[in-house]
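Structure first, then comments.
2 protein chains.
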Amino acid sequence: MILKNCKYIVTQDKERRILEGYDIRIKGNLISEIGKDLSGDEEIDCSEKIVMPGLVNTHAHLGMHSLKGICDDETLFTWLDIVNKEEAKLTKEQVVKNTRDGALECIQSGTTCIYDSYMYGAERIKVFEDLGMRAFVSSTVQKIEDIMHVENMLKACTNGLVKPIIAGHSPYRCSKEVLEKITELSRKHDLIRRIHIAETKKERDDTLKERGLTSIKYLESFGFLGKRCLLVHSIWVDDEEVELMGKYGASVSHNPISNMKLASGSVAPVVKMIEKGVTVGLGTDSVVSNNNLDMFEELKVTALIHKHHWDDPKAMTYQMVLDMGTIMGAKALGLKDVGSIDFGMKADIITLDLNGMLPMNNVISNIVYCANGNNVVDSIIDGKIVMRERKVLI
Amino acid sequence: MILKNCKYIVTQDKERRILEGYDIRIKGNLISEIGKDLSGDEEIDCSEKIVMPGLVNTHAHLGMHSLKGICDDETLFTWLDIVNKEEAKLTKEQVVKNTRDGALECIQSGTTCIYDSYMYGAERIKVFEDLGMRAFVSSTVQKIEDIMHVENMLKACTNGLVKPIIAGHSPYRCSKEVLEKITELSRKHDLIRRIHIAETKKERDDTLKERGLTSIKYLESFGFLGKRCLLVHSIWVDDEEVELMGKYGASVSHNPISNMKLASGSVAPVVKMIEKGVTVGLGTDSVVSNNNLDMFEELKVTALIHKHHWDDPKAMTYQMVLDMGTIMGAKALGLKDVGSIDFGMKADIITLDLNGMLPMNNVISNIVYCANGNNVVDSIIDGKIVMRERKVLI
Chain R
1 MILKNCKYIV TQDKERRILE GYDIRIKGNL ISEIGKDLSG DEEIDCSEKI
51 VMPGLVNTHA HLGMHSLKGI CDDETLFTWL DIVNKEEAKL TKEQVVKNTR
101 DGALECIQSG TTCIYDSYMY GAERIKVFED LGMRAFVSST VQKIEDIMHV
151 ENMLKACTNG LVKPIIAGHS PYRCSKEVLE KITELSRKHD LIRRIHIAET
201 KKERDDTLKE RGLTSIKYLE SFGFLGKRCL LVHSIWVDDE EVELMGKYGA
251 SVSHNPISNM KLASGSVAPV VKMIEKGVTV GLGTDSVVSN NNLDMFEELK
301 VTALIHKHHW DDPKAMTYQM VLDMGTIMGA KALGLKDVGS IDFGMKADII
351 TLDLNGMLPM NNVISNIVYC ANGNNVVDSI IDGKIVMRER KVLI
Chain X
395 MILKNCKYIV TQDKERRILE GYDIRIKGNL ISEIGKDLSG DEEIDCSEKI
445 VMPGLVNTHA HLGMHSLKGI CDDETLFTWL DIVNKEEAKL TKEQVVKNTR
495 DGALECIQSG TTCIYDSYMY GAERIKVFED LGMRAFVSST VQKIEDIMHV
545 ENMLKACTNG LVKPIIAGHS PYRCSKEVLE KITELSRKHD LIRRIHIAET
595 KKERDDTLKE RGLTSIKYLE SFGFLGKRCL LVHSIWVDDE EVELMGKYGA
645 SVSHNPISNM KLASGSVAPV VKMIEKGVTV GLGTDSVVSN NNLDMFEELK
695 VTALIHKHHW DDPKAMTYQM VLDMGTIMGA KALGLKDVGS IDFGMKADII
745 TLDLNGMLPM NNVISNIVYC ANGNNVVDSI IDGKIVMRER KVLI
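Read top to bottom, the protein sequences are chains R and X.
Residue 150 in the working numbering is what sits at position 150 of the first sequence, and the numbering runs on without skipping anything.
Take any residue in the second sequence, note its place counting from 1, add 394, and you have its number in the working numbering.
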């Protein structure tokens, strides 16, 4: 397959090159050549399109899709109460349907790789495999019995495109024993372990009171921190904790829209984290706290909130933001061959129309500050076309 | 003309009703009937669409359209330096073309009424009249000689759809004498007078030092405040100033994306303003500080930043945000018959597809938290179709 006459290719390669008028050859599931005058059996005309790596969403709960908009503008306590009651009513069939509906919204808005956490892990793995979407799937663990899910999920993965993650809910819903078991199993199976951490001031204060340690130091105390560890939110962390996260090579999923919508009270210090060597990806969180799955919105709001928070327009640049939405997000999920358009990388590619992005004085600025999910025209995942001219082909 | 079988009509009427399965009759430039089984010569099928009032953008500088993306992620001082140099190069022809390009982007993303400020007022009035877009136009005044523009602009208006505004730049670029003259002329011609005010801490501190008064008290001292006064930004104002703004019935244009992108340092206290009787509309500001003209993004970011700033998810609700983007914005520009779908109101209406907005548990929440400008399918301004199936007809 050839992506022909690409008006702009945003490579996200090491030099962050932007190429004009080039072709891309895809062979199997890989990018095999970037050059001029390439030809092949199947050609997609990209002469009026931006071609860029697909976006990576490092935190979603697609199983909640049918609950979009059921509870907005409520304080966290009321929100949790209402949402949890509605979740309790969801059947397995509804969760599977929701996951599929959510994944379709993701594909249509430019996400090619997602980390999705909810109930019924094995069944959801099948949804992503059927759609041909790159995905990491977890069933959130709260009790020791829940951990058995992991073995089922490992068995359910058949095509290499979908992999499990072992996910502890949080320090307030999981005992230390459960979190230790998660750490052990994650190491045994070489899987990513994840936790929602330091999302609210109350959570941080409670951990400090009950464990005598800040949130990240508590995780360190039983070996949770490490290269295969994904810390979701990480808002209420101090400089010492940021230092620790960097020392252990941990990753963070930053979800600014969800954090602002739920009024989590502060902003995760991701600029400091990146300086200290933490890998930071972006995530939408669920449709009850966002309420869409449009990663382009997440890019723009990330740039805006950090400029605002640090009172400095240079605090978060468009290039940093796009890195978090592509290569850094992929790296946070342990993928080294996803997130850029370069020789030998996996062919996870989207194309955008130029609606609202003219004039094109600065391609990456326009992607971050002007584009949205409805600009996405085509989507290729693992070398296969999953959407063409906005029509999902599955 | 009949909008037929509307799936949802978001009326924004006094009861904020949402109607399902109704038709809307447009006669001349007015909404003449909302009912069932209406028929007419021209029918637009809305059975899979949300029908809502067009959005009102209370602050833009469309004349800068060709400068989109030329200067991002820079501190205000560098930004002003670069942008002003580029602006100095713009010819009259380029400003006219930019205004047209910008207005087309506005129409395509759901704005039906705009307040646009830049050079060459009379020429820009013609652009909006030719496009059939409802607009308020000003040529920014910095020196006494500039005020002559107003008479030319009044003469240039021919069809009632476009009206002038008298705009002083700011307290730091206009002398008190100039601002007094603006106040006088605005009263004489019954036109809105506008000023950029309290955008940065430095501006507030300088006014306090040089005039011995806070920004709004300074404006009050020579009679600038009043019902026909539009205060753009109004970020750095204290409770006493908010009280004054309400007392005089002033209006505010709130531009959160521009304020965050330029790191203006705080958030305009618009919730307090509304409580005190100030009319608050939303605006995108220019494509050099946003960088698109998508009012749907402005809706969502307004909701997010106020929840975040006040640490309270209830601080800014989706209904308040939609009000500011429609009826309150229209009122801020002095329009009482624009901004809602109701008998006798001007027919300024847009339709949206449901992309990214399913399931539809809450229509207004989905408009604010899930939609973007690319969802807009049709646009009707003053009873005339200006866009149909995303094709601008002019």
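Virtual Cβ for every residue (Gly too), placed ideally from N, Cα, C.
Small disclaimer: the values here were computed from a predicted structure and weren't measured.
task = Select from X:E414, X:E635, X:V732 the residue whose C-alpha is nearest the C-alpha of N423 of chain X.
result = By one-based count along the second sequence, residue 423 of chain X stands at place 29. The option with the nearest alpha carbon to N423 of chain X is X:V732.
key: Stretch pair the segment 690-707 of chain X + the segment 256-268 of chain R: three plus CB contacts closer than 8 Å   = At 8 Å Cβ cutoff, the stretches touch.
request  = Pick helix, strand or coil for C229 of chain R, following the three-state DSSP scheme.
outcome  = The residue labelled residue 229 of chain R in the question sits at position 229 within the first sequence. The answer is strand: DSSP assigns C229 of chain R an E or B state.
ask   = Do P53 of chain R and D378 of chain R come within 8 Å of each other at the CB atom, strictly closer than that value?
value = Numbered from 1 along the first sequence, position 378 holds the residue referred to as residue 378 of chain R. Numbered from 1 along the first sequence, position 53 holds the residue referred to as residue 53 of chain R. A distance of 8 Å or more separates the beta carbons of D378 of chain R and P53 of chain R.
request  = Buried or exposed for A482 of chain X, please, with buried defined as at least 16 other CB atoms from any protein chain shown within 10 angstroms of its CB.
outcome  = In the second sequence, counting from the first residue as 1, residue 482 of chain X sits at position 88. Under this definition A482 of chain X is an exposed residue.
inquiry  = At the level of alpha carbons, what is the spacing between L461 of chain X and T91 of chain R?
reply    = For the purposes of this step, residue 461 of chain X is taken as residue 67 along the second sequence, with counting starting at 1. For the purposes of this step, residue 91 of chain R is taken as residue 91 along the first sequence, with counting starting at 1. The alpha-carbon of L461 of chain X is positioned some 52 Å away from that of T91 of chain R.
inquiry  = Run through chain R and tell me which residues come within less than 7 Å of S759 of chain X, C-beta to C-beta.
reply    = The sequence position of residue 759 of chain X within the second sequence is 365, counting from 1. Chain R residues near S759 of chain X: G69, D72, N291.
task = Find the nearest neighbour of P650 of chain X within the set X:K621, X:N684, X:R782, X:K596, judged by alpha-carbon distance.
result = For the purposes of this step, residue 650 of chain X is taken as residue 256 along the second sequence, with counting starting at 1. P650 of chain X has its Cα closest to that of X:N684, out of X:K621, X:N684, X:R782, X:K596.
query = With respect to the beta strand (DSSP E) encompassing T112 of chain R, which residues constitute its N-terminal and C-terminal limits?
reply = Here residue 112 of chain R refers to the residue found at position 112 when the first sequence is read from its first residue. T112 of chain R -> beta strand (DSSP E) spans 111-117.
ask   = Could one say the Cβ of L262 of chain R lies closer than 8 Å to chain X's Cβ atoms, at least one of them?
value = Position 262 of the first sequence, counting from 1, holds the residue named residue 262 of chain R. True, the Cβ-Cβ gap to chain X drops below 8 Å.
key: Given F222 of chain R as reference, the closest of R:E42, R:L191, R:K181, R:A303 once Cα atoms are compared   = For the purposes of this step, residue 222 of chain R is taken as residue 222 along the first sequence, with counting starting at 1. For F222 of chain R, the nearest C-alpha among the options comes from R:K181.
query = If you measure beta-carbon to beta-carbon, which residues of the segment 701-717 of chain X are closer than 7 Å to chain R?
reply = Within the segment 701-717 of chain X, the qualifying residues are K701, H702, D705, D706, P707, K708, T711, Y712.
request  = For chain R, find out if any of its Cβ atoms is closer than 8 Å to the Cβ of N649 of chain X; answer yes or no.
outcome  = For the purposes of this step, residue 649 of chain X is taken as the residue at position 255 of the second sequence. So, not an interface residue.
Three CB pairs or more closer than 8 Å across the segment 133-153 of chain R and the segment 105-115 of chain R = Output reads yes: the segment 105-115 of chain R touches the segment 133-153 of chain R.
Contacting residues, own chain, Cβ-Cβ under 6 Å from H169 of chain R (five flanking each side not counted) = In the first sequence, the residue the question calls residue 169 of chain R occupies position 169. For H169 of chain R, where only same-chain residues beyond five positions count, the Cβ hits under 6 Å are T140, Q142.
ask   = So C500 of chain X packs on N451 of chain X, CB below 8 Å; how close in whole Å?
value = Along the second sequence, one-based indexing puts residue 500 of chain X at 106. Along the second sequence, one-based indexing puts residue 451 of chain X at 57. Right, their Cβ atoms sit about 6 Å apart.
message = Short of 7 Å Cβ to Cβ, which residues in the segment 736-765 of chain X face chain R?
response = Along the segment 736-765 of chain X, the positions whose C-beta sits under 7 Å from a C-beta of chain R are N749, G750, P753, N755, N756, S759, N760, Y763, C764, read in chain order.
key: Span separating the alpha-carbon of K97 of chain R from that of R587 of chain X   = Position 97 of the first sequence, counted from the first residue, corresponds to residue 97 of chain R. Position 193 of the second sequence, counted from the first residue, corresponds to residue 587 of chain X. Approximately 55 Å between the Cα atoms of the pair.
query = Taking only runs of the alpha helix (DSSP H) that begin and end inside the segment 709-740 of chain X, which ones reach a length of at least 4 residues, in chain order?
reply = Here the runs fully enclosed are 712-719, 721-726.
Chain-ordered neighbours of V301 of chain R on chain X, where CB pairs are closer than 8 Å = In the first sequence, counting from the first residue as 1, residue 301 of chain R sits at position 301. For V301 of chain R, the neighbours in chain X by C-beta distance under 8 Å run, in chain order, V695, L698.
task = For the beta strand (DSSP E) containing T745 of chain X, list its first residue and its last residue.
result = Reading the second sequence from its first residue, position 351 is the one you call residue 745 of chain X. Where T745 of chain X is concerned, the enclosing beta strand (DSSP E) stretches over 743-746.
ask   = Got a sec, what are the start and stop residues for the beta strand (DSSP E) F455 of chain R sits in?
value = Outside the shown range of chain R (1 to 394) lies residue 455 of chain R, about which nothing can therefore be said.
request  = Write down the C-beta distance between N756 of chain X and D72 of chain R rounded to the nearest angstrom, noting that I regard them as a contact closer than 8 Å.
outcome  = Locating residue 756 of chain X in the second sequence gives position 362, where the first residue counts as 1. Locating residue 72 of chain R in the first sequence gives position 72, where the first residue counts as 1. About 7 Å separates the beta carbons of N756 of chain X and D72 of chain R, which is inside the 8 Å limit, making them a contact pair.
request  = Could you tell me the boundaries of the alpha helix (DSSP H) in which M639 of chain X lies?
outcome  = On the second sequence, position 245 is the one that residue 639 of chain X refers to. Segment 633-641, the alpha helix (DSSP H) holding M639 of chain X.
query = So is the beta-carbon of I82 of chain R under 7 Å away from any non-hydrogen atom of the ligand PLP?
reply = In the structure shown, the ligand PLP is absent, as is every other ligand, since no ligand is present at all.
Amino acids of chain R, ordered along the chain, whose beta-carbon sits closer than 9 Å to that of D688 of chain X = Against the second sequence, residue 688 of chain X aligns to sequence position 294. Ordered by position in chain R, the residues that pass the 9 Å Cβ test against D688 of chain X are G356, C370, N372.
task = Could you give the DSSP three-state label for T673 of chain X: helix, strand or coil?
result = Numbered from 1 along the second sequence, position 279 holds the residue referred to as residue 673 of chain X. Note: T673 of chain X maps to strand in three-state DSSP.
message = Among the candidates X:E597, X:K621, X:M542, X:C568, whose CA atom is the shortest distance from the CA of R581 of chain X?
response = As a working mapping, residue 581 of chain X is identified with position 187 in the second sequence. Ranking X:E597, X:K621, X:M542, X:C568 by Cα distance to R581 of chain X puts X:K621 first.
ask   = Secondary structure at T75 of chain R, three-state DSSP: helix, strand or coil?
value = Within the first sequence, the letter at position 75 stands for residue 75 of chain R. Of the three classes helix, strand and coil, the one that applies to T75 of chain R here is coil, per DSSP.
message = Quick check on T469 of chain X - is its C-beta less than 8 Å from some C-beta in chain R?
response = By one-based count along the second sequence, residue 469 of chain X stands at place 75. Yes, its Cβ sits closer than 8 Å to a Cβ of chain R.
key: Assigned exposure category for K336 of chain R - 16 Cβ within 10 Å defines buried   = Counting from one through the first sequence, the residue named residue 336 of chain R turns up at place 336. The residue in question, K336 of chain R, is exposed, as its Cβ has fewer than 16 Cβ neighbours within 10 Å.
ask   = Going straight from the alpha carbon of I216 of chain R to that of D323 of chain R, what length do you get?
value = Within the first sequence, residue 216 of chain R is the residue found at index 216, counting from 1. Within the first sequence, residue 323 of chain R is the residue found at index 323, counting from 1. Taking the straight line joining both Cα atoms gives about 25 Å.
request  = Could you name the residues of chain X that G265 of chain R contacts, counting a contact when the two beta carbons are closer than 9 Å?
outcome  = On the first sequence, position 265 is the one that residue 265 of chain R refers to. Here the neighbours are H702, D705.
query = Could you give the distance in angstroms between the alpha-carbon of I367 of chain R and the alpha-carbon of H459 of chain X?
reply = Here residue 367 of chain R corresponds to residue number 367 of the first sequence, with the count starting at 1. Here residue 459 of chain X corresponds to residue number 65 of the second sequence, with the count starting at 1. Taking the straight line from one Cα to the other gives about 16 Å.
message = At the level of alpha carbons, what is the spacing between V10 of chain R and D45 of chain R?
response = Here residue 10 of chain R refers to the residue found at position 10 of the first sequence. Here residue 45 of chain R refers to the residue found at position 45 of the first sequence. It is roughly 16 Å from the alpha-carbon of V10 of chain R to the alpha-carbon of D45 of chain R.
key: chain R contacts from the segment 482-504 of chain X (Cβ-Cβ distance under 8 Å)   = Within the segment 482-504 of chain X, the residues whose Cβ lies closer than 8 Å to some Cβ of chain R are D495, E499, Q502, S503, listed in chain order.
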